[in-house]
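Structure first, then comments.
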Amino acid sequence: MAILKVARLGHPVLRKIAEPVPPEGIGAPVIQQLIDDMIETMVEYDGAGLAAPQVHVPQQIVVFEVEGNPRYPDAESIPLTVLINPKITPTTQRLEEDWEGCLSVPDLRGQVPRYTQVRVEAYDRHGKKLNYIAKDFQARVVQHECDHLIGKVFVDRMKSMDSLAFTREF
Numbered sequence: 335m336a337i338l339k340v341a342r343l344g345h346p347v348l349r350k351i352a353e354p355v356p357p358e359g360i361g362a363p364v365i366q367q368l369i370d371d372m373i374e375t376m377v378e379y380d381g382a383g384l385a386a387p388q389v390h391v392p393q394q395i396v397v398f399e400v401e402g403n404p405r406y407p408d409a410e411s412i413p414l415t416v417l418i419n420p421k422i423t424p425t426t427q428r429l430e431e432d433w434e435g436c437l438s439v440p441d442l443r444g445q446v447p448r449y450t451q452v453r454v455e456a457y458d459r460h461g462k463k464l465n466y467i468a469k470d471f472q473a474r475v476v477q478h479e480c481d482h483l484i485g486k487v488f489v490d491r492m493k494s495m496d497s498l499a500f501t502r503e504f
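Numbering (my numbering), first residue to last: 335 to 504.
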């Protein structure tokens, strides 16, 4: 496994729409190695999640996990999850603003409105179809990571730049 270089805001890979992974290719060693490396990179940088475009790979793969994360000490636990070719659909019109940060936008946080509940449809790392409802913080993380697959970062979703702050000032 390897720690991968994380693309920072301004790098063009973060603004590209990621390509789907062919379902028959999910089990390929190169995809499985990428998933392992993404997980290791996410853990190394205390991320709650990571999308493949953030590590310079424009493919529709995201990983996330929250368990004793120092960047999100009060967050609910989320088990390690791998989503390939995810599709998210809001299941409520309720939006909630809360603070977000991003490994690709280091040392900054801002308040971002997100749906409080979404349906997630994707493949897991073994090619099994997933279909479940994510709520609250997990819904926020899923939306944040899936935004990277369509060339968006959290600052694009902020209603106002007034809340954008350096983490030390946060």
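Even glycine gets a Cβ: it sits at the ideal position worked out from N, Cα and C.
Computed from a predicted structure; not experimentally measured.
- When DSSP reads this structure, residue 436 sits in a beta bridge with 439.
- Boundaries of the beta strand (DSSP E) harbouring residue 420: 412-424, taken from the DSSP string.
- Boundaries of the beta strand (DSSP E) around residue 451: 451-457.
- Between residue 412 and residue 384, the alpha-carbon positions lie close to 14 angstroms from each other.
- Excluding its 5 nearest sequence neighbours in each direction, residue 499 has C-beta neighbours in its own chain below 8 angstroms: 442, 443 and 444, listed in chain order.
- Per the Cβ contact rule, the stretch 386-403 is in contact with the stretch 467-487 (3 or more Cβ pairs under 8 angstroms).
- DSSP, read as helix, strand or coil, puts residue 363 in helix.
- Among the bridge pairs identified by DSSP, residue 393 is matched with 353.
- Here DSSP, grouped into helix, strand and coil, assigns residue 358 to helix.
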